[in-house]
Amino acid sequence: MRKLRKVSRRGIFVFAALVFTALGTAFAADIPEDLKCMVCGKPALSDFAVDWNGGKVYLACPNCKASFAGDKKSYAPLANIQLIATRQAKQITCPLTGKKASAANTVTIKGIKVRFCCNNCKGKAASLKEKEQLQLVFSNEAFKKAYKVTAADTVE
Ligand SMILES: [Zn+2]
Ligand SMILES: [Zn+2]
457 MRKLRKVSRR GIFVFAALVF TALGTAFAAD IPEDLKCMVC GKPALSDFAV
507 DWNGGKVYLA CPNCKASFAG DKKSYAPLAN IQLIATRQAK QITCPLTGKK
557 ASAANTVTIK GIKVRFCCNN CKGKAASLKE KEQLQLVFSN EAFKKAYKVT
607 AADTVE
């Protein structure tokens with residue numbers, strides 16, 4: 457009787473461990489369903505991850521990985537947007553000045569709500585065309601000023 461009870465307890469423990477492992481795997485590979493490859497625009501896959509600015513960005517296939525590797529500067533703003541969209545990067549300060557960013561001065565660029573420090577910065581960003589906005593706000597220089605990448609510490 458006693459032995460049986462021990463066995464079943466152990467069984468539950470093993471089962472719990474398996475569930476835990478399965479959950480962990482799911483989280484590690486969890487990228488948003490609508491995340492797009494920044495090279496071709498097709499759905500990004502966790503199989504084609506690339507280390508980027510302290511986090512990971514996701515592409516659609518080996519060809520896109522090669523294209524990205526060959527022209528990182530052009531793809532930088534879109535890659536940085538992926539870090540934000542996948543919540544690996546969090547905004548800390550205004551991307552123009554590095555000063556404290558306020559939710560009262562928000563401009564949505566490529567679906568990302570970007571906070572600026574003041575009305576002038578907000579106005580400047582809002583007045584530009586999207587291509588220029590991307591350079592102004594999500595170039596590596598601006599991104600590193602305004603965003604902190606945290607997910608790399610916790611993922612895997
Ligand atoms: Zn692609
Ligand atoms: Zn400002």
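Numbering of the sequence shown is given in this note's numbering, commencing with residue 457 and proceeding in unit increments. Yeah, the Cβ is synthetic: ideal placement off N, Cα and C, and Gly gets one too. Just so you know, these numbers come straight off a predicted model, no measurement behind them.
Cβ-heavy atom distance, residue i to ligand 1, below 7 Å
{"i": "K498", "result": "yes"}
{"i": "V495", "result": "yes"}
{"i": "L491", "result": "no"}
{"i": "A516", "result": "yes"}
{"i": "C574", "result": "no"}
Beta-carbon proximity of residue i to residue j, cut-off 8 Å
{"i": "F572", "j": "P533", "result": "no"}
{"i": "Y603", "j": "K555", "result": "no"}
{"i": "W508", "j": "A525", "result": "no"}
{"i": "K512", "j": "A522", "result": "no"}
{"i": "Y514", "j": "I487", "result": "yes"}
For residue j and residue i, the rounded distance between their alpha carbons
{"i": "A552", "j": "Q538", "result": "According to the sequence as given, residue 552 is Leu; it is not Ala. Their backbone Cα atoms lie some 20 Å apart in a straight line."}
{"i": "F599", "j": "L501", "result": "24 Å"}
{"i": "N596", "j": "S583", "result": "21 Å"}
{"i": "V570", "j": "K498", "result": "25 Å"}
{"i": "L592", "j": "K492", "result": "22 Å"}
{"i": "Y531", "j": "L590", "result": "10 Å"}
{"i": "M494", "j": "C574", "result": "30 Å"}
{"i": "K580", "j": "E586", "result": "12 Å"}
{"i": "N519", "j": "K601", "result": "31 Å"}
{"i": "N561", "j": "E489", "result": "29 Å"}
Rounded distance between the beta-carbons of residue j and residue i, thought under 8 Å
{"i": "T564", "j": "A557", "result": "About 14 Å separates the two Cβ atoms, so there is no contact after all."}
Residue(s) in a DSSP beta bridge with residue i
{"i": "D490", "result": "Note: D490 sits in no beta bridge, so no partner."}
{"i": "D507", "result": "K512"}
{"i": "S558", "result": "F572"}
{"i": "I565", "result": "I568"}
{"i": "K604", "result": "K546"}
Ligand 2 heavy atom lying under 7 Å from the CB of residue i
{"i": "L539", "result": "no"}
{"i": "C520", "result": "no"}
{"i": "L552", "result": "yes"}
{"i": "K555", "result": "yes"}
Residue i CB to nearest heavy atom of ligand 3 below 7 Å
{"i": "T606", "result": "Because ligand 3 does not appear in the structure shown, any question about it cannot be addressed here, the ligands present being ligand 1 and ligand 2."}
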